[in-house]
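Counting from 0, one number per residue, gives the positions in the sequence shown under numbering that gives the first Met the number 0.
Backbone N, C-alpha and C define an ideal beta-carbon position, used for all residues, glycine too.
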Amino acid sequence: MPSLFASYLRVYEPLTAFDRDRQIFWRRYVKEGRAVAPLEGPGRQRTAVIEALGAGWTRLPDLPDEAYVLEADDTLLVCPWNLRVRVAEAALSARDGVPPVLADAFVPPILAGQAKAVVEDFRSGARVLEHGVPRLHEQIATWGVPLRWFVFVDPAERELTVRPERRVLRYRTEISKARRRASRGLAVLRKSVGDAPITEAVEEGARWLEEFHPRSVVELDYGGLTQLLPDEALAEDDSPALVAEGLAGLSRGDAEAATEVYEKLVARWRAVQLLERCN
0 MPSLFASYLR VYEPLTAFDR DRQIFWRRYV KEGRAVAPLE GPGRQRTAVI EALGAGWTRL
60 PDLPDEAYVL EADDTLLVCP WNLRVRVAEA ALSARDGVPP VLADAFVPPI LAGQAKAVVE
120 DFRSGARVLE HGVPRLHEQI ATWGVPLRWF VFVDPAEREL TVRPERRVLR YRTEISKARR
180 RASRGLAVLR KSVGDAPITE AVEEGARWLE EFHPRSVVEL DYGGLTQLLP DEALAEDDSP
240 ALVAEGLAGL SRGDAEAATE VYEKLVARWR AVQLLERCN
């Protein structure tokens, strides 16, 4: 199961990105006050996935449609959860590293086959650009924030709240800006380091952003990580600025400066990852 100590990269799409039936559904969903706040969503998603996996194990269940909702400039934007994909991913993860006999007992091959088909359908991109076809609107990373995500946002877009009852650190930006940043960063990486893992990661993220409506909003949310970090660390976190600094160093051929920034970022987020082992 995904940890609640996770970060999230989300895309909120305007209703015009969905077919007519989905538009009607989401309007009713919001009007009835059913939209879930990002602070509550991860826990509810986790509960839904666990309950779904414990119910028979003969087929992937049909789960209710849920979403995060954002209103920007009088426009309603929706980030669907796509819980069916989450359940499929969890089913496949449950088989990882387990002897075949035990894996088949927990997740029968027929269910594993269904799960694999669902996940591949969402990740292949073959149908995702068709109007109205569901897209995976949220990426999740446990115990840290992938460095590639910081390429898509700008330090000026940060929103920080550190009240005891509401701890939030997130960045929101127009998807057109995120795409331009991804394109510039990718160009620098291709020229400077070639087909390195970081180049491939940023390229994958750039392709993912292309799946969505041009008036969408991208959100990088530190999520449950805000519970792990003290107020000072959250206030001083400058990861997006450091990533931008590293790319600038690469673009001017200053590999030493870029390496220094990269090592600082890796050390910072490795410290967060190591908290997983503390008990």
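>> What residue range does the beta strand (DSSP E) around Val161 cover?
In response: Counted from its first residue, the sequence shown places residue 161 at position 162. Per DSSP, Val161 belongs to the beta strand (DSSP E) from 157 to 162.
> Nearest-angstrom Cα distance between Ala270 and Thr258?
Replying inline: The residue given as residue 270 occupies position 271 in the sequence shown. The residue given as residue 258 occupies position 259 in the sequence shown. Roughly 18 Å separates the two Cα atoms.
> Three or more beta-carbon pairs under 8 Å between the stretch 232 to 240 and the stretch 15 to 28, yes or no?
Replying inline: Too few Cβ pairs lie closer than 8 Å, so no.
>> Let me check understanding here. Comparing Cα to Cα, which of Ala5, Leu3, Val10 lies closest to Glu291?
In response: Only positions 0 to 278 of the chain appear in this structure, which leaves residue 291 out of reach.
> Where does the unbroken beta strand (DSSP E) through Ser6 begin, and where does it stop?
Replying inline: For the purposes of this step, residue 6 is taken as the residue at position 7 of the sequence shown. Run containing Ser6: 5 to 13, per the beta strand (DSSP E) assignment.
>> Within 10 Å of its beta-carbon, does Val331 have 16 or more other beta-carbons around it, so buried, or fewer, so exposed?
In response: The chain is shown only over 0 to 278; residue 331 falls outside these bounds and no answer can be derived.
> Can you tell me the Cα-Cα spacing of Phe149 and Leu249, whole angstroms?
Replying inline: What you label residue 149 is simply residue 150 of the sequence shown in a count that begins at 1. What you label residue 249 is simply residue 250 of the sequence shown in a count that begins at 1. If you draw a straight line from the Cα of Phe149 to the Cα of Leu249, it comes to about 16 Å.
> Count the other CB atoms within 10 Å of the CB of Gln44; is the residue buried (16 or more) or exposed (fewer)?
Replying inline: Numbered from its first residue, the sequence shown carries residue 44 at position 45. Result: buried.
>> Are the CB atoms of Val242 and Leu264 within a distance shorter than 9 Å?
In response: Translated into positions along the sequence shown, residue 264 becomes position 265. Translated into positions along the sequence shown, residue 242 becomes position 243. When the beta-carbon positions are compared, Leu264 and Val242 come within less than 9 Å of each other.
> What three-state label does DSSP hand Pro79 in the structure shown?
Replying inline: For this step, residue 79 is matched to residue 80 along the sequence shown. The DSSP-derived three-state label of Pro79 is strand.
> Alpha carbon to alpha carbon, how far is Trp207 from Glu262?
Replying inline: Taking the sequence shown and counting its residues from 1, the one referred to as residue 207 is at position 208. Taking the sequence shown and counting its residues from 1, the one referred to as residue 262 is at position 263. Their Cα atoms are separated by approximately 27 Å.
> Which residue's Cα is closest to the Cα of Leu76: Pro99, Gln22, Asp103?
Replying inline: Walking along the sequence shown from the start, residue 76 turns up at place 77. Closest option to Leu76, Cα to Cα, is Gln22.
>> Just list the residues that DSSP pairs Tyr170 with in beta bridges.
In response: Against the sequence shown, residue 170 aligns to sequence position 171. Residue pairing by DSSP places Tyr170 opposite Arg157, Leu219 in a beta bridge.
> Hey, out of Asp120, Leu91, His212, whose CA is closest to Pro108's CA?
Replying inline: Against the sequence shown, residue 108 aligns to sequence position 109. Of the candidates Asp120, Leu91, His212, the residue whose Cα lies closest to the Cα of Pro108 is Leu91.
>> Buried or exposed for Pro98, going by 16 or more other Cβ atoms inside 10 Å?
In response: The residue you call residue 98 lines up with position 99 of the sequence shown. It is exposed - the Cβ of Pro98 has fewer than 16 other Cβ atoms within 10 Å.
> Who are the near neighbours of Thr74 in its chain, counting only those whose CB is closer than 6 Å to its CB and skipping five residues on each side?
Replying inline: On the sequence shown, position 75 is the one that residue 74 refers to. In the same chain as Thr74, and ignoring 5 residues on each side of it, the C-beta atoms closer than 6 Å to its own belong to Pro13, in chain order.
> So what does DSSP say about Leu227, is it helix, strand or coil?
Replying inline: Position 228 of the sequence shown holds residue 227. DSSP places Leu227 in coil when its eight states are reduced to three.
>> According to DSSP, is Ala54 part of a helix, a strand, or is it coil?
In response: Here residue 54 refers to the residue found at position 55 when the sequence shown is read from its first residue. The predicted position of Ala54 is uncertain, since its pLDDT is 49 and thus under 50; no value can be drawn from it.
> Do Tyr28 and Ala34 come within 9 Å of each other at the CB atom, strictly closer than that value?
Replying inline: Numbered from 1 along the sequence shown, position 35 holds the residue referred to as residue 34. Numbered from 1 along the sequence shown, position 29 holds the residue referred to as residue 28. Yes, the pair counts as a contact, with Cβ atoms nearer than the cut-off.
>> What does the alpha-carbon distance come out to for the pair Arg276 and Leu3?
In response: Translated into the one-based positions of the sequence shown, residue 276 becomes position 277. Translated into the one-based positions of the sequence shown, residue 3 becomes position 4. Leu3 has its alpha-carbon roughly 15 Å from the corresponding atom of Arg276.
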